[in-house]
Amino acid sequence: MISIIRFISCSILGIVLISSTIQVSAQVSDTIDLPKFESKIFIKLLTDSILTLDHQFIIPSSENIYLDTILLKRDTHYTIDYSRGKINLKSIKNIIGLLDTSNHILLVRYSAFPFQFKETYRHREVVTKTDSSGYKIIGKELNKPFFVDELFRSNLQASGSLLRGITIGSNRDLTLNSGFRLQMSGNLSDDVMINAALTDENSPIQPEGSTQTLREFDKVFIEARGSRFAAILGDFNLNVGGSEFGTFERKLQGARGMYNYYFSGSEGDITAVVATTRGKYTTNEFLGIDGIQGPYRLSGQSGERSIIIVAGTERVYINGMKLTRGENADYVIDYSNAEIVFTPKRVIANSTRIVVDFEYNDRQFSRNLYTAKFTNSSISDRLKFDILYANEADDKETTLDLSLTEADKEILRNAGNDQTLSQTTGAEYAGPGKGQYILIDTLIQRENLSDTLVQFYRYQPEDTLNAVYIVNFSYVGEGKGNYRKVSAGWYQFSGLLKGNYEPIKILPMPKSHTLLDFNIYGDVSNNLKINGEYTISSLDRNTFSEIGDNSNRGNALNLNLRYFPADIKIGKLNVGSLDIGMKERYLSNNFKPLGRINDVEFNRIWNVGERNDDEEEIREFSIKYNPDKILSFGGGYGSLKRGDALKSVKTNLNSILNTGNRRGYEYHFEKIGTTNSILTEKSDWFRHFGKMEYRLGSFVPYAEFRSEDLKRRNWETDTITSGSYRFMEGSPGISFGDPNGLFALSELGLRSEDSLAQGKLQKASTGVSQRYGLRFRFLKWLNTSFDLLINNKKYSEVFVNKGNQNINTTLVRSQTRLNPIEGGIESDWFYEVTTGRTAKTDRIFQRVPKGTGTHIYVGDINGNRIIDYPDFQPSRFDGEFILFLLPTGDFVPSVDIKTSSRVRMNLKRIFTSGTLVSRILSNLSTETYFKITEQSTDPDRSKLYLLDFSKYLSDRYTLNGDNLFIQDFYVRENDLNWSLRFRYTQKKGLTQYALSRDRSYFREQAARARWQLVEGIVNQTDIYLRRDMLTSDIYSIRNRSIVSHEEVTDWSYRPDQRLEIGFLFSLKNSKNFDSTRIDNNNQTIRIVYSIIERGQIRGEITREEVTINKSNLLPLYELTDGKSIGKTWLWRLTCEYRLSQLLMFTGQYDGRSENGGLPIHALKMELRAFF
764 MISIIRFISC SILGIVLISS TIQVSAQVSD TIDLPKFESK IFIKLLTDSI
814 LTLDHQFIIP SSENIYLDTI LLKRDTHYTI DYSRGKINLK SIKNIIGLLD
864 TSNHILLVRY SAFPFQFKET YRHREVVTKT DSSGYKIIGK ELNKPFFVDE
914 LFRSNLQASG SLLRGITIGS NRDLTLNSGF RLQMSGNLSD DVMINAALTD
964 ENSPIQPEGS TQTLREFDKV FIEARGSRFA AILGDFNLNV GGSEFGTFER
1014 KLQGARGMYN YYFSGSEGDI TAVVATTRGK YTTNEFLGID GIQGPYRLSG
1064 QSGERSIIIV AGTERVYING MKLTRGENAD YVIDYSNAEI VFTPKRVIAN
1114 STRIVVDFEY NDRQFSRNLY TAKFTNSSIS DRLKFDILYA NEADDKETTL
1164 DLSLTEADKE ILRNAGNDQT LSQTTGAEYA GPGKGQYILI DTLIQRENLS
1214 DTLVQFYRYQ PEDTLNAVYI VNFSYVGEGK GNYRKVSAGW YQFSGLLKGN
1264 YEPIKILPMP KSHTLLDFNI YGDVSNNLKI NGEYTISSLD RNTFSEIGDN
1314 SNRGNALNLN LRYFPADIKI GKLNVGSLDI GMKERYLSNN FKPLGRINDV
1364 EFNRIWNVGE RNDDEEEIRE FSIKYNPDKI LSFGGGYGSL KRGDALKSVK
1414 TNLNSILNTG NRRGYEYHFE KIGTTNSILT EKSDWFRHFG KMEYRLGSFV
1464 PYAEFRSEDL KRRNWETDTI TSGSYRFMEG SPGISFGDPN GLFALSELGL
1514 RSEDSLAQGK LQKASTGVSQ RYGLRFRFLK WLNTSFDLLI NNKKYSEVFV
1564 NKGNQNINTT LVRSQTRLNP IEGGIESDWF YEVTTGRTAK TDRIFQRVPK
1614 GTGTHIYVGD INGNRIIDYP DFQPSRFDGE FILFLLPTGD FVPSVDIKTS
1664 SRVRMNLKRI FTSGTLVSRI LSNLSTETYF KITEQSTDPD RSKLYLLDFS
1714 KYLSDRYTLN GDNLFIQDFY VRENDLNWSL RFRYTQKKGL TQYALSRDRS
1764 YFREQAARAR WQLVEGIVNQ TDIYLRRDML TSDIYSIRNR SIVSHEEVTD
1814 WSYRPDQRLE IGFLFSLKNS KNFDSTRIDN NNQTIRIVYS IIERGQIRGE
1864 ITREEVTINK SNLLPLYELT DGKSIGKTWL WRLTCEYRLS QLLMFTGQYD
1914 GRSENGGLPI HALKMELRAF F
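Here it is as structure tokens:
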């Protein structure tokens, strides 16, 4: 089977290579890694006597092997072959006999060299054959490679697995399980390299946007590279560049080929792409909010809210600077909810300019991309040109999560390019007893005091007589709708134009976007370059309709000239270098590029707004003079004309001195003058920026200065208009030390802002910010980092009266690891404070295949005629729904606090004197852990920062909070004969959902004793006292107050190292509100047989009996742990068997009979091949 798999895989790769017509050179880099720390966890294999690690050449004595929390001793409990990476367990059967192998693990930590060798290497193999006379002949035979490898003379390295299995049961249909994953790399021939990752698994999991590098679960591709060609089939990222108008990036699924040619004194590339796009490209630009780090919700091209961002496609900028993703960097992003949150490293204010470019999926139409690019250059590289064709279009006949009727298509045909004409009503008459909304007539008083008759829909599903409408709502933008979302399916009338939703259905328009780009480069001399580009675009905003197609086409022209003479000499004197640039760019009406063609700060640079379909012309001149390598002076002049109404002229000057080692300065000045004849407005904008730093030993004092003055005037009335402002800010600071050792930072920021009030610029606010940082990393037992930012913004009385509020922001992040006394005390401390926004969440259930979910639907329990949270309950076996939380409603400002601490004390390492007291105390060890998370709207934030717990979990202010405390106390923790553990756990929680407030409390007191009666017989006994409470102010049916007592004892007998026989007995009684009583007793017998180096067979049977004192009551899931009232029999047989080194069989049979009912069976078998 493995040979067949390999043959099919290589055949696919061979076909791709033979049909490809493109080659590029491949590069191979060889690196050798140093020894590094590794770890391996063995689960369900604790009874195996020989374990194999993932590495050979283990560094001697570097290993630590833990059985649960017990540190095993070399030569006593195991031996290890360091060169082969094999561990032989010998005298631990007394420990293993105590444990249930399905619940415990063996952890091996070690260091190893990154080498891997076969046991034997040979070019010829000695073989024994028998001739016709019966004599044995000993000879030698050449090892023959696999015929596909021989065909390509390759050295392919392949790894992966093939899975085939079935699942069948009494209450489910036969299901075939299939999985294939292959990773392959190497050379197919001397000049052809292959790299492939194949799988038939389609994972819906979105990577978490909290790390700098994403782990993509479902990326599949085959890539081949040669000396002159390259091809890729599958998932890949397309990055088209090299010009101004033909630049774009996409994440694709399809095929790309490239061929590098050489012909008659010139060479170039031909590239072709045929693919399906993962999403649509768009840009969001917005200003931050004072004191709000996030989340900021992103939207689609037409303001859509229900979008999913394609993971890894976002590019985030603050004030023109590109940011890095990651919890320890600049921002984190929730791709599924399209929300971005900035870390304390990037403080957000109302002057923060945020730009996010990204691709998103709205699941409307399938979208395809076709591109072809031809490049050519002369042998001397003096002349180059390229041609690009690209077409990105929605397939209007292939919809995804969208259904269009013929009536819908007719509406789209008549709508042209006007999105407001592609709307239909969202209300549908369903009849009495079938709807959720009532149509209400009412009179509303407008601003002119006149009464207007208005009809609106009221959510009232319990009114079976009048609720006759089913209504779908669409997001239309803030202040453009009459409704607001309360929870899933529930929208509330908020007044005329006081909401953001409307009862309409917006029909999406399929689009087609085509681009044809011509680009030419010429090197007139070594220091004179010219570039010309001409581009034609065509954007059809609605391919269903021909109306307005005459406005689809646009064109653009770009001319650049650069002259940069170096080492200019006057006589024999070298006076430096010069860099002069000139540019003219023209965009016609309706020109639309496929990607970003402007600088992120383009609108700010020219003091203009977004370009719609206006004609635009830009002329620019720049000059830069470098008298020396460390000093430069520069300046520039430019003009922008947009249509006949808007004109902008800018001038800039700059000077930079950089001597290296953080010594130097830079200064920038800009002046932008803008006129707008439509608004009869003229504006002048002056901007200054300066920075200076000078290293003095380990100290680096520095200072930054920034000021802006923007005045907009109406030239007819000679008055200052809205948008005018003025500010000045300075930020002196000093840093000390090395960031990799001891480093400290202190900075003070001062800012003064003036804004328009009463027809003139007046003092609006003053701000003072303080920033402190500390890093301490050069002690082995101490590693700490601390960052603190305090920002206070105070508004003047005039602006307070206009509704502004003073802002006090504190952002803190502190991490410390402290392990003194040779590890006798190990501790980790974490504290973080951020300010942001929080939206209440709604609990939504999604149907999944039976048996794979966590909940079941039990009917309209609360009788409100809608499917909501109380209608579902957890399920132990046959869940068909999963629960997830969906943010709903509006965001409210909040402070987020996270803090945790772990302190472990090993008194054996502290008391080493050998006295009687030391020997007694050395048997003790403790571990303390607490974690607190709080999202609160409490205005008294100082007490929250200082961990005043009386302010936490507040019914009035807390949006979401948890307090967890765990205390462990051990006696003879690692002793093999006997040990004790005492544990106290307490957890408090409070969550404000969209429709309810839930408060929870859990407390557990536990004691465990483990001891060895005789060799081979071990017992573990646990006693639990628990209290579990939940209070909901709306869904009272879920309220509980459960007090329980449980005793569990587990006996294990191991007559032989391969055989374990276990008996488990448990008794539990629970009470809910001192009225409903549940008694539960379980008995389990298990037998585990290990086949050395092959696998394991495990069988167990359990009897459960649950009784209740109220026969007519359906008890809560939490009261019975999901068990049925009466007697239940459970039996399970599992087998894991390695048929060969590369072939593994696993099987699992489960059966159960609940309360005398018919048995329910389930069988799952899998065969997995590794290669």
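The sequence shown: position 590 = 1353 (our numbering), numbered continuously. We treat Cβ as the ideally placed atom computed from N, Cα and C, and that holds for glycine.
Limits of the unbroken alpha helix (DSSP H) element including residue i
{"i": "K1886", "result": "Per DSSP, K1886 belongs to no alpha helix (DSSP H) and is neither H nor E."}
{"i": "R1672", "result": "L1670 to I1673"}
{"i": "F1562", "result": "E1560 to V1563"}
{"i": "W1544", "result": "Premise fails: W1544 is in no alpha helix (DSSP H) and is neither H nor E."}
{"i": "F1121", "result": "Segment R1116 to N1124 is the beta strand (DSSP E) holding F1121; no alpha helix (DSSP H) there."}
{"i": "L1926", "result": "Not the alpha helix (DSSP H): L1926 falls in the beta strand (DSSP E), residues I1923 to F1933."}
{"i": "S1681", "result": "L1679 to L1684"}
{"i": "I1368", "result": "F1365 to W1369"}
For residue j and residue i, the rounded distance between their alpha carbons
{"i": "Q920", "j": "S948", "result": "5 angstroms"}
{"i": "I1103", "j": "V1073", "result": "13 angstroms"}
{"i": "E913", "j": "E1856", "result": "Caution applies to E913, whose pLDDT of 46 falls short of 50 and renders its modelled position unreliable; the model cannot decide the point."}
{"i": "G1089", "j": "G1075", "result": "12 angstroms"}
{"i": "D1181", "j": "D1342", "result": "48 angstroms"}
{"i": "K1261", "j": "D1653", "result": "13 angstroms"}
{"i": "I1497", "j": "N1555", "result": "21 angstroms"}
{"i": "E1225", "j": "G1614", "result": "32 angstroms"}
{"i": "G1406", "j": "L1324", "result": "25 angstroms"}
{"i": "A1757", "j": "I821", "result": "55 angstroms"}
{"i": "K1603", "j": "A1251", "result": "12 angstroms"}
{"i": "Y1178", "j": "G1242", "result": "First, the residue type needs correcting, since residue 1178 is Ala and not Tyr in the sequence shown. Looking at the two C-alpha atoms, the distance is approximately 24 angstroms."}
{"i": "A1329", "j": "T1161", "result": "58 angstroms"}
{"i": "R1802", "j": "Y1880", "result": "Reading off the sequence shown, one finds Asn at residue 1802, where the question assumed Arg. So the two alpha carbons sit approximately 12 angstroms from each other."}
{"i": "F910", "j": "L1902", "result": "Low per-residue confidence applies at F910: pLDDT is 42, beneath 50, and the placement is therefore not dependable enough to give any value."}
{"i": "Q1525", "j": "D1053", "result": "20 angstroms"}
{"i": "S1402", "j": "S1411", "result": "6 angstroms"}
{"i": "H840", "j": "N1546", "result": "35 angstroms"}
{"i": "L1649", "j": "K1661", "result": "22 angstroms"}
{"i": "V791", "j": "F943", "result": "Any reading at V791 must be qualified, since the residue scores a pLDDT of 32, below 50, and its modelled position is unreliable; the value itself is stated next. Between V791 and F943, the C-alpha separation is close to 28 angstroms."}
{"i": "S788", "j": "D954", "result": "Reliability fails at S788, whose pLDDT of 33 lies under 50, so the model's placement of it is uncertain and the value that follows must be treated cautiously. Roughly 8 angstroms between the two C-alpha positions."}
Unbroken beta strand (DSSP E) run spanning residue i, endpoints
{"i": "K1172", "result": "First-last for K1172: E1169 to A1178, but that is the alpha helix (DSSP H), not the beta strand (DSSP E)."}
{"i": "E1030", "result": "S1029 to T1040"}
{"i": "F1499", "result": "Y1488 to G1500"}
{"i": "N1477", "result": "F1462 to N1477"}
{"i": "Y1798", "result": "That residue, Y1798, is in no beta strand (DSSP E); it is neither H nor E in DSSP."}
{"i": "N1047", "result": "K1043 to L1050"}
{"i": "R1610", "result": "T1604 to R1610"}
{"i": "L1511", "result": "L1505 to A1520"}
{"i": "Y1708", "result": "Here Y1708 belongs to no beta strand (DSSP E); instead the alpha helix (DSSP H) covers R1704 to Y1708."}
C-beta contact flag for residue i and residue j at 7 angstroms
{"i": "G1530", "j": "R1514", "result": "yes"}
{"i": "R1600", "j": "I1055", "result": "yes"}
{"i": "V1234", "j": "Y1220", "result": "yes"}
{"i": "A1230", "j": "G1194", "result": "no"}
{"i": "R1060", "j": "D1120", "result": "no"}
{"i": "N1832", "j": "V1869", "result": "no"}
Residue(s) in a DSSP beta bridge with residue i
{"i": "D1725", "result": "T1696 and G1752"}
{"i": "T1437", "result": "S1411 and S1446"}
{"i": "N1918", "result": "Answer is none; N1918 lacks a bridge partner."}
Going residue by residue through the stretch 1734 to 1783, where are the continuous beta strand (DSSP E) segments of at least 3 residues, counting only ones entirely within it?
Taking only runs of at least 3 residues, the beta strand (DSSP E) segments lying wholly in the stretch 1734 to 1783 are 1741 to 1755 and 1760 to 1777.
Which runs of the beta strand (DSSP E) at least 3 residues long sit entirely within the stretch 1567 to 1602? Give them in chain order.
Complete beta strand (DSSP E) runs here, min 3: 1570 to 1581 and 1588 to 1601.
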